[in-house]
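Peer 1:
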Amino acid sequence: MPTSLRASLYYLLVNKIHLLLLLFSSVVFAQKTATIDGINKQFDQANVYVHTGNPEKAIPILDKINKDCKRIGYKLGITRVGHTLAIIYFNSSDYNKVITLDEEFLKIGNEIKDYEKLSHIHRLKGCAYSELGLLNKSSEELEQALQYAKKIKPGNNRHHAISVIYSNRSNHFMKSAVAQDSVFSNINKSIAEAEKISETDNSYISKKYSLISYSYIILANEYSKSGNQQLAGEYYQKSLEIHNAKPVPLVERVVLLSELGYFYNDQKEYDKAVKYAEMGVALEKKASFPQLRRDLFETLSKSYLELHKTEDSKKYLGLFTALNDSISNIDKKAVDTALSSTISKQEKLYLDSTSKQTVMYTLSSLALIVFGTSFFLYYKKQKQNQIKKIETILEQLEAKQRDSQEVLFTEHKIAETDDKEEENMLMSVEAEEKLLEKLHNFENKKLYLERKVSLSYVAAEIESNTKYLSYIIKKHKGKDFNKYINDLRIAYIVQKINDDPVYRQYKINFLAEETGFSSHSKFATVFKNTVGVSPSEFIKYFEKK
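Each residue of the sequence shown is one higher than the one before, starting from 94 at the first, in this note's numbering.
1) Look at the Cβ atom of Ile158, then the Cβ atom of Val174, and state whether they are nearer than 7 angstroms.
2) Assign Leu225 to one of three DSSP states: helix, strand, or coil.
3) Pick from Asp161, Leu540, Lys567, Thr293: whose alpha carbon is nearest that of Lys134?
4) Who are the Cβ neighbours of Tyr302 in its own chain at under 6 angstroms, not counting the five residues just before and after it?
5) Does Thr293 come out as helix, strand or coil in the three-state DSSP assignment?
6) Could you give the distance in angstroms between the alpha-carbon of Lys150 and the alpha-carbon of Leu532?
7) Given a cut-off of 7 angstroms, decide if Thr392 and Ala415 are closer than it, judged by their beta-carbon atoms.
8) Using a Cβ-Cβ cut-off of 6 angstroms (strictly less than) and excluding sequence neighbours within five positions of Ile601, which residues of its own chain qualify?
9) Shortest alpha-carbon distance to Phe620 belongs to which of Ile555, Tyr329, Leu349, Ala584?
10) If we require 4 or more residues per run, which alpha helix (DSSP H) segments fall completely within the segment 553–595?
11) Can you tell me where the alpha helix (DSSP H) holding Gly625 begins and where it ends?
12) Under a three-way DSSP split, which group does Pro383 fall into?
13) Am I right that Thr705 and Leu155 are in contact with their C-beta atoms under 8 angstroms? What's the rounded C-beta distance?
14) Note down the Cα distance separating His505 from Leu548, rounded to an integer number of angstroms.
15) Residues in the same chain with beta-carbon distance under 6 angstroms from Ile132, minus the five sequence neighbours each way, listed in chain order, please.
16) I'd like the span of the alpha helix (DSSP H) that includes Gly248, first residue to last.
17) Once DSSP output is grouped into helix, strand and coil, what is the label at Asn314?
18) Enumerate in chain order the residues of its own chain whose CB-to-CB distance from Ser394 is below 7 angstroms, with the five nearest sequence positions on each side excluded.
19) Going along the chain, which residues of its own chain have a beta-carbon closer than 6 angstroms to the beta-carbon of Leu350, five neighbours each way excluded?
20) Report the residue from Ala179, Lys567, Gln273 whose alpha carbon sits nearest the alpha carbon of Ser317.
21) Throw me the rounded Cβ distance for the Ala238 and Ile258 pair, which I believe falls under 8 angstroms.
22) List the whole-angstrom C-beta distance separating Asn261 from Cys220, where the pair is believed to meet the contact cut-off of C-beta under 8 angstroms.
23) Tell me where the alpha helix (DSSP H) around Leu199 begins and ends.
24) Can you give the Cα-Cα distance for Glu297 and Leu235, rounded to whole angstroms?
25) Going by alpha carbons, who is nearest to Ser354 out of Glu315, Gly248, Tyr397?
26) May I ask which residues mark the beginning and end of the alpha helix (DSSP H) holding Glu523?
27) With a floor of 3 residues, list each beta strand (DSSP E) that falls wholly inside the segment 305–357, ordered by position along the chain.
28) Which one of Leu562, Thr623, Leu529, Asp593 has the shortest CA to CA distance from Asn579?
29) From His253, Phe574, Ile555, Pro148, pick the residue whose C-alpha is nearest to that of Lys289; which is it?
30) Measure the alpha-carbon distance for Leu385 versus Ile310 and round it to whole angstroms.
31) Give me, in chain order, the residues of the same chain whose beta-carbon lies closer than 7 angstroms to that of Ala179; leave out the 5 immediate sequence neighbours on both sides.
32) Taking the alpha helix (DSSP H) that Leu604 belongs to, which residues open and close that run?
33) Hey, Gly320 and Tyr550 are a contact pair by Cβ (cut 8 angstroms); roughly how many whole angstroms apart?
34) Quick one: what does DSSP say Gln360 is sitting in, helix, strand or coil?
35) By how many angstroms is the C-alpha of Lys244 removed from the C-alpha of Glu352?
36) May I ask which residues mark the beginning and end of the alpha helix (DSSP H) holding His176?
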């Protein structure tokens, strides 16, 4: 989970809030007929199911509304159905259904120039792609959403739509690992647009402060990630003040409690972490957000463990693991379907443009036979190489334990410098040795496992600056800062897997969390680049032994 926002909860929050407002609002039409009145009553009925935590019961009603709208040519009702379905699917974490939403909703939206619904549907598609890690597609959809939002008639609808998109874009940029300035820029644009929302319309007051308060949460998380815990705490307090003074929806309070629990766990104030997370679990039952529930379970498991309440920790670890696996399976199926859909479209275009399919199939079959034979031999060789790599790593680990070396993977020791190097030194030998000693203490305390680790954070920890820290790591460790931290983390988990059989039973997601990585995929990539085999292959080696 890439940042402390983990499941991109802001997307879910804003969309749900918008859904509630949408379903409460009435549709104004110049010449209402009995049929249109009936359709609006059906929307009200769907609204009841959504508010009572049964959105799945609203879906067949919306399907019927869609058919009725088509029968009488009520196109505004059709786009409303499309938008509402997209929100329900997104709030249920069914991202594939958001992505594959019937294109007719967009087609009709363009016909009647319903820019507001078009903007929100494209935005939700962008958010869904982002949740699935398909960031390029996410970018395209969010940009299209912004263009439609700018065409909305001036007023609260337009300000709200643009504010939400900028907020979603900031979340997207966090996942894309771009410069933090891009995140701050989009968040500030979101706040500025939200502040333009007029409070004369009561239905928008909650939305306005929902956007602003959650923007403060994002800023708090970003400052925490960069090591500025004081400023992070201030922004959390700003968000809390809004919750105490303004009508912000229940679900956003659950998000804030989840973030506070995570923050205090990170600050080692475990009693506070448990307090806020337990409050969040109680409230989440009324909001029903699987990602939020998962994050709260994770915080409680970790905090109770630190408080030596083993049974409570095991209880929440079990709940976290079961729910996380369920969410991961849904996401994987959605990614596979989304990719298959894209590939199928490309294949169809190709097959339609060629008249030599039979020849191509024959050649492909022959190539497949040759490839299959070659791949089998290659695969067998690769497996042998993997075993050798693992055995080499384990031999290095044993040598490390015997010789009490600091780091498992290659590390440059302090070397004697020649006259030319001495002239280019940034500091004296004594100063270097002092910083190296502090860096050694940093490693011994295993602070590199913290998610918030950054160059500025470590520099502050060893009472230096980023320039000197980079210099020391480059000179004495032979690598840049990111590789230095990644090597420490991988060395830690390799030793845990080797020494403690329990770690071989954990899911890869848990190992990624344990080592401070922002996501399962990031951990797996770094592990394979460092060790030479994937985490699962490394664990399987011990099982076969």
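Quick reminder that beta carbons are idealized off the backbone N, C-alpha and C, glycines included.
Peer 2: Let me spell this out:
1) yes
2) coil
3) The alpha carbon of Lys134 has as its nearest neighbour, out of Asp161, Leu540, Lys567, Thr293, the alpha carbon of Asp161.
4) Around Tyr302: Ile335, Lys339, Val341.
5) coil
6) 58 angstroms
7) no
8) His613, Pro628
9) Ala584
10) 559–570, 574–592
11) Run containing Gly625: none; DSSP gives neither H nor E here.
12) Three-state result, Pro383: helix.
13) Outside the displayed range of the chain (94 to 638) lies residue 705, so it cannot be described from this structure.
14) For His505, the pLDDT reaches just 42, beneath the cut-off of 50, and the residue's location in the model is therefore unreliable, although a value from the coordinates is still provided. If I take the Cα positions, the gap works out to 20 angstroms.
15) Within its own chain, the residues whose Cβ lies closer than 6 angstroms to the Cβ of Ile132, once the five positions on either side in sequence are excluded, are Ile158, Asp161, Gly170, listed in chain order.
16) Careful: Gly248 lies outside any alpha helix (DSSP H) and carries neither H nor E.
17) helix
18) Ser406, Tyr409, Leu410, Phe413
19) Tyr369, Met372, Gly373
20) Per the Cα distances, Gln273.
21) That belief holds up - the Cβ atoms of Ala238 and Ile258 are roughly 5 angstroms apart, short of 8 angstroms.
22) 6 angstroms
23) 197–204
24) In the sequence as presented, Glu is not what sits at residue 297; that position holds Tyr. Distance between the alpha carbons of Tyr297 and Leu235: 23 angstroms.
25) Rather than Ser, the amino acid found at residue 354 in this sequence is Gly. Minimum Cα distance to Gly354 is reached at Tyr397.
26) First-last of the alpha helix (DSSP H) with Glu523: 522–537.
27) none
28) Thr623
29) Cα-wise, what sits closest to Lys289 is His253.
30) So the alpha carbons of these two residues sit roughly 15 angstroms apart.
31) Val191, Leu194, Ile214, Leu217
32) 601–607
33) Right, their Cβ atoms sit about 4 angstroms apart.
34) coil
35) Cα to Cα, Glu352 sits roughly 35 angstroms from Lys244.
36) 168–184
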